[in-house]
Amino acid sequence: MNRRHFLKMSTATAVAMAASTAGLPGGKGLFRAARAGTLPIAPSGSMGASETTSVCEMCFWRCPIIGKVRDGKLIKIEGNSKSPVNGRRVCARGNSGVQLLYDPDRIKYPMKRVGARGEGKWARITWDEALDEIAHNMDKVKKEYGPHALAFFDHGASAEHLRKIFINMGTENYTSEPAFFQCVGPAALAYLETVGYITTGTRQYNDMAHAKAMLLVGSHIGENVHVSHVREFIAGLQNGARLVVVDPRFSTAAGKADIHLAIRPGTDTALMLAWINYVISNNLYDKKFVANHCEGFDALRKEVSGYSMEWAAKICDLRIEDMKAAIELLAKASPQVNIHPGRHSTWYGKGDVGRHQSYAILTALFGAVGVPGGIYFPSPVPLGHVECVAEKSEHVAPIEPEISLKEDSAYPFSSNFGTVTADIIKAIITGKPYPIRLLGINGVNVIQTIPDPYETMKALKKLDFIFCEEIMAGETAIWSDIILPDAVYLERYDGVYAYDGLTPYVTVRQPVVDPLFEARSPYWIAKNLAKRLDIPGFTCPNEQAFIEKELEGVGYSLKTLNKEGGLITLPANPYRKPGELKLDTESGKVNLWVEAFDDEDLDPIPKYEATPAPPKGYTRLIYGRSPVHTFSRTMNNLWLHNEIPENKLWLNDKVAKMLGIRDNEEVVLENQDGKRSNPVKVLVTPGIRPDTVYMAHGFGSKSPLLSRAHGKGAADGFMMTKNVEDPFMGATSKRTNFVRIIRGGKPLAMPDLCPVPDEIPRYTIKSA
Ligand SMILES: Nc1nc2c(c(=O)[nH]1)N[C@H]1C(S)=C(S)[C@@H](COP(=O)(O)OP(=O)(O)OC[C@H]3O[C@@H](n4cnc5c(=O)[nH]c(N)nc54)[C@H](O)[C@@H]3O)O[C@H]1N2
Ligand SMILES: Nc1nc2c(c(=O)[nH]1)N[C@H]1C(S)=C(S)[C@@H](COP(=O)(O)OP(=O)(O)OC[C@H]3O[C@@H](n4cnc5c(=O)[nH]c(N)nc54)[C@H](O)[C@@H]3O)O[C@H]1N2
Ligand code: SF4
Ligand SMILES: [Mo]
Numbered sequence: 001m002n003r004r005h006f007l008k009m010s011t012a013t014a015v016a017m018a019a020s021t022a023g024l025p026g027g028k029g030l031f032r033a034a035r036a037g038t039l040p041i042a043p044s045g046s047m048g049a050s051e052t053t054s055v056c057e058m059c060f061w062r063c064p065i066i067g068k069v070r071d072g073k074l075i076k077i078e079g080n081s082k083s084p085v086n087g088r089r090v091c092a093r094g095n096s097g098v099q100l101l102y103d104p105d106r107i108k109y110p111m112k113r114v115g116a117r118g119e120g121k122w123a124r125i126t127w128d129e130a131l132d133e134i135a136h137n138m139d140k141v142k143k144e145y146g147p148h149a150l151a152f153f154d155h156g157a158s159a160e161h162l163r164k165i166f167i168n169m170g171t172e173n174y175t176s177e178p179a180f181f182q183c184v185g186p187a188a189l190a191y192l193e194t195v196g197y198i199t200t201g202t203r204q205y206n207d208m209a210h211a212k213a214m215l216l217v218g219s220h221i222g223e224n225v226h227v228s229h230v231r232e233f234i235a236g237l238q239n240g241a242r243l244v245v246v247d248p249r250f251s252t253a254a255g256k257a258d259i260h261l262a263i264r265p266g267t268d269t270a271l272m273l274a275w276i277n278y279v280i281s282n283n284l285y286d287k288k289f290v291a292n293h294c295e296g297f298d299a300l301r302k303e304v305s306g307y308s309m310e311w312a313a314k315i316c317d318l319r320i321e322d323m324k325a326a327i328e329l330l331a332k333a334s335p336q337v338n339i340h341p342g343r344h345s346t347w348y349g350k351g352d353v354g355r356h357q358s359y360a361i362l363t364a365l366f367g368a369v370g371v372p373g374g375i376y377f378p379s380p381v382p383l384g385h386v387e388c389v390a391e392k393s394e395h396v397a398p399i400e401p402e403i404s405l406k407e408d409s410a411y412p413f414s415s416n417f418g419t420v421t422a423d424i425i426k427a428i429i430t431g432k433p434y435p436i437r438l439l440g441i442n443g444v445n446v447i448q449t450i451p452d453p454y455e456t457m458k459a460l461k462k463l464d465f466i467f468c469e470e471i472m473a474g475e476t477a478i479w480s481d482i483i484l485p486d487a488v489y490l491e492r493y494d495g496v497y498a499y500d501g502l503t504p505y506v507t508v509r510q511p512v513v514d515p516l517f518e519a520r521s522p523y524w525i526a527k528n529l530a531k532r533l534d535i536p537g538f539t540c541p542n543e544q545a546f547i548e549k550e551l552e553g554v555g556y557s558l559k560t561l562n563k564e565g566g567l568i569t570l571p572a573n574p575y576r577k578p579g580e581l582k583l584d585t586e587s588g589k590v591n592l593w594v595e596a597f598d599d600e601d602l603d604p605i606p607k608y609e610a611t612p613a614p615p616k617g618y619t620r621l622i623y624g625r626s627p628v629h630t631f632s633r634t635m636n637n638l639w640l641h642n643e644i645p646e647n648k649l650w651l652n653d654k655v656a657k658m659l660g661i662r663d664n665e666e667v668v669l670e671n672q673d674g675k676r677s678n679p680v681k682v683l684v685t686p687g688i689r690p691d692t693v694y695m696a697h698g699f700g701s702k703s704p705l706l707s708r709a710h711g712k713g714a715a716d717g718f719m720m721t722k723n724v725e726d727p728f729m730g731a732t733s734k735r736t737n738f739v740r741i742i743r744g745g746k747p748l749a750m751p752d753l754c755p756v757p758d759e760i761p762r763y764t765i766k767s768a
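In structure tokens form, the structure reads like this:
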């Protein structure tokens with residue numbers, strides 16, 4: 001296969017992502033320097049508060065913000081009015097950063113475990129003691145077992161520098177894991193191989209604001225809240241765009257749809273293939289675009305010819321007339337049609353890449369590539385080069401393991417995204433292909449995030465040493481031997497944020513207030529650990545030094561940028577004129593048939609493969625986002641907790657009636673492997689299929705150190721013990737688990753109201 005080509009793309013993407021997450025300082029000295037003039041602390045109209053521009057990190061969308069500070073206290077966060085994407089707006093979470101900063105449960109000092117692992121007993125130690133102990137253990141494990149015995153899981157802006165420590169220790173086991181293997185991996189790979197770039201990275205390059213019709217498969221925009229993305233969606237609707245939503249649940253977006261298809265979960269690829277066949281056989285596709293810009297059309301036509309609307313209607317449990325009306329509606333808007341590429345795509349394991357490939361194929365058949373309303377191209381922002389932060393330095397002698405977890409992975413497309421999460425956890429448990437004995441964690445709540453949590457906890461128990469850099473002690477932090485208190489995003493520099501979407505801009509995350517307690521910035525932490533481990537390369541005195549270098553690329557300094565209100569906009573180049581479209585694929589065209597997949601004996605054109613239906617007496621568990629929370633990280637936040645303190649289990653009203661369950665009644669769930677959930681209240685609603693239940697992710701914290709969040713609601717992840725890895729990159733499925741309701745300690749048999757056709761096997765429960 002053409003691995004080199006793939007590598008080239010991925011590196012570009014990785015660089016783009018790294019650029020957007022470069023880290024920051026946090027020392028008080030830096031802040032004094034800032035006060036002395038590098039930061040814009042201007043008096044403002046609002047009751048004498050001073051204002052500092054910065055960037056939100058209550059989620060990864062990173063909206064430009066302003067922090068208003070009075071008497072040294074942050075009193076309000078607003079959007080930066082100069083921002084072309086959010087203006088003065090922030091979402092509920094962005095607004096509530098104030099309460100993250102002042103959360104009494106924040107980790108205040110370096111802490112060392114004194115009780116048994118996971119027991120939650122801690123002693124305060126000094127920074128020197130904490131860093132010495134971490135360095136000692138890293139060194140010891142490396143000497144005893146080799147560099148690959150060190151592993152690192154991370155997510156988010158704070159992790160960049162600590163990851164470089166692990167890279168420089170010589171391990172291959174670091175992975176920005178939720179972002180790929182638990183989130184966007186399958187969608188990213190599908191678009192990379194089909195159109196030559198990732199349409200869903202840190203940003204989404206789909207132009208909903210200018211679409212005449214939109215298709216959302218899953219993608220529950222409105223509950224999935226990224227301010228500018230929601231605004232683009234609403235702008236599209238306000239401009240008259242028609243909307244088709246495919247979702248087993250009446251989502252917020254479905255409430256705005258012209259056509260809502262309440263599909264049987266796990267059958268979306270069947271619908272997509274029948275639609276592709278319909279579009280081709282009814283000549284609804286853009287012939288000129290296909291002739292000029294696509295490869296593999298004949299193979300595609302042949303492959304999909306067997307997928308009829310009648311067949312899909314049965315598989316998907318939909319009405320043919322609705323399916324036809326939906327695809328006709330989309331085709332009519334061509335090429336200004338937005339087939340949403342999706343984001344969270346680790347749904348069923350096997351077909352996840354193919355499902356997103358089918359969205360990219362439909363996009364191309366409608367000629368919706370590089371045109372308003374379709375998918376568009378990022379406009380690269382020329383940031384300066386930073387030499388002062390260590391990439392893998394020359395001094396690290398490569399020690400190749402006999403069998404490499406990364407390079408010899410069973411998943412041919414994984415290695416460009418890091419080492420597969422599931423492989424690292426298996427290796428910790430089994431010691432094979434080599435032992436992994438030490439784990440560093442930064443910005444990821446591994447237990448809530450990676451299924452199966454029981455396996456994850458088993459792995460955590462086996463390790464010699466665990467440390468984490470955190471701001472709040474969630475259920476993963478309490479398993480650590482040492483916890484390091486990170487500065488929260490409002491207390492630190494984090495580098496330059498360049499937005500390369502329809503309205504490109506450059507802004508900087510900078511501290512709005514001094515770090516509280518003994519919190520330190522991620523760069524300070526990494527630099528001081530590097531010193532102890534003799535890792536060269538952390539040569540910048542502080543974060544401003546590399547921020548200045550990055551800003552040079554766009555002709556600014558921190559001072560001049562701050563004079564401009566902390567943000568400058570740049571010209572965009574998102575669309576391509578006819579004849580000027582050249583994609584970054586080998587042929588320069590859209591791959592309707594993906595050779596790289598074929599070379600690895602994977603389907604070059606998506607095929608429908610059934611995911612097992614619920615066993616008799618059970619229902620499928622699906623999940624999504626709470627609009628006012630971000631995963632588990634915001635659950636302890638006072639304002640957000642007051643808005644939505646716990647999740648609810650969406651249960652179909654007919655099913656509830658048959659079971660005699662009342663709205664708001666508290667129940668427990670039991671999954672196919674006998675694992676039981678926290679108690680959770682039921683939302684009785686016609687807005688979900690009878691063969692499915694739903695709850696928002698992130699609730700049900702098991703950490704007693706989160707006083708507000710602890711035990712509130714149920715965690716979807718704790719019901720996930722049956723996961724299917726996708727064969728392309730090893731991403732972990734999460735919608736392949738089944739539950740039944742336990743009431744008064746007894747299981748209730750979930751009624752079977754949706755006939756399952758013979759083509760879909762039922763999951764069989766292994767008897768104990
Ligand atoms: N408020 C808030 N917003 C967020 C986040 C957050 O934590 N909080 N996280 C952000 C991140 S990182 C991500 S990845 C995104 C995730 O958000 P999305 O990318 O939108 O996630 P999806 O899984 O596509 O969408 C969830 C929807 O899929 C439906 N669904 C479940 N199973 C199926 C199925 O088999 N077929 C179909 N067609 N639909 C199904 C569910 O009912 C639900 O409405 O959200 C982002 N936005
Ligand atoms: N069951 C289930 N699993 C899922 C999902 C799901 O819907 N259901 N969604 C998947 C998706 S799409 C994603 S993107 C991932 C998200 O997975 P994660 O990124 O692990 O999400 P969180 O649960 O919010 O955990 C983030 C952790 O980072 C910490 N943190 C926050 N800010 C900072 C900081 O500034 N510095 C440091 N050092 N730490 C910080 C928080 O306290 C928290 O412990 O989860 C994936 N896993
Ligand atoms: S979408 Fe909300 S939480 Fe996310 S960065 Fe923007 S304001 Fe912050
Ligand atoms: Mo995600």
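Going letter by letter, the sequence shown gives residues 1 to 768 in the numbering used here.
We treat Cβ as the ideally placed atom computed from N, Cα and C, and that holds for glycine.
Fair warning: this is a prediction, and the values are worked out from it, not measured in the lab.
- Note that the C-beta distance between E666 and V655 is not below 8 Å.
- The DSSP assignment places 227-238 as complete runs of the alpha helix (DSSP H) inside the segment 211-256, in order along the chain (cut-off: 4 residues).
- Between ligand 3 and R633, a heavy atom-to-CB distance of less than 7 Å is absent.
- The nearest non-hydrogen atom of ligand 3 is 7 Å or more from the C-beta of R242.
- Here L438 carries a strand assignment [DSSP, helix/strand/coil].
- Taking a 10 Å sphere around the C-beta of V114, we find fewer than 16 other C-beta atoms and assign the residue as exposed.
- S587 has its alpha-carbon roughly 20 Å from the corresponding atom of Y359.
- A contact between stretches requires three or more CB pairs, one per stretch, nearer than 8 Å, and the segment 144-160 meets this requirement with the segment 437-450.
- Applying a distance threshold of 5 Å between residue Cβ atoms and the heavy atoms of ligand 3 selects C56, M58, C59, W61, C63, V90, C91, R93, G94, H226, V227, given in chain order.
- Counting along the chain, S50 sits inside the beta strand (DSSP E) bounded by residues 50-55.
- Using a Cβ distance threshold of 8 Å, I75 and V69 count as a contacting pair.
- For the options M720, G349, A159, G660, the alpha carbon positioned closest to that of F181 is the one of G349.
- If you draw a straight line from the Cα of E119 to the Cα of H210, it comes to about 54 Å.
- Sorting M169, L273, A254, I547 by C-alpha distance to the C-alpha of E609 places L273 at the top.
- Looking only at D514, A519, P571, G443, the smallest Cα-Cα distance to P504 is reached by P571.
- Look at T732 here: in three-state DSSP terms it is strand.
- Between Y376 and Y205, the C-beta gap is smaller than 8 Å, which places the two residues in contact.
- DSSP, reduced to helix, strand and coil, places I547 within a helical segment of the structure shown.
- Residue burial is scored here from C-beta neighbours: A526 has at least 16 other C-beta atoms within 10 angstroms and is therefore classed as buried.
- Set against 7 Å, the gap from the CB of S96 to the closest heavy atom of ligand 1 is not smaller.
- A contact between stretches requires three or more CB pairs, one per stretch, nearer than 8 Å, and the segment 482-501 meets this requirement with the segment 50-64.
- Residue pairing by DSSP places V667 opposite V680 in a beta bridge.
- Per DSSP, F180 lies in no alpha helix (DSSP H) segment and is marked neither H nor E.
- About 4 Å separates the Cβ atoms of T721 and D673, confirming a contact at the 8 Å cut-off.
- When T585, V225, E387, L649 are compared, the shortest CA-CA separation from H293 is found for T585.
- Selection I482, F546, R89 evaluated against V230 yields R89 as nearest (Cα-Cα).
- For M695, the enclosing beta strand (DSSP E) starts and ends at 692-696.
- When C-beta atoms of the segment 466-484 are compared with those of the segment 91-108, three or more pairs fall below 8 Å, so the two segments count as touching.
- K675 sits in coil when the DSSP states are folded into three classes, being neither helix nor strand.
- The C-beta of K766 has fewer than 16 other C-beta atoms within 10 Å across all chains shown, which makes the residue exposed.
- Closest in alpha carbon position to L284, among V444, G296, I327, is I327.
- For D268, the uninterrupted alpha helix (DSSP H) run begins and ends at 268-281, by DSSP.
- A distance of 8 Å or more separates the beta carbons of G495 and I535.
- Following the DSSP letters along the chain, one finds Y505 inside the beta strand (DSSP E) bounded by residues 505-509.
- The beta carbon of H344 sits closer than 7 Å to at least one heavy atom of ligand 4.
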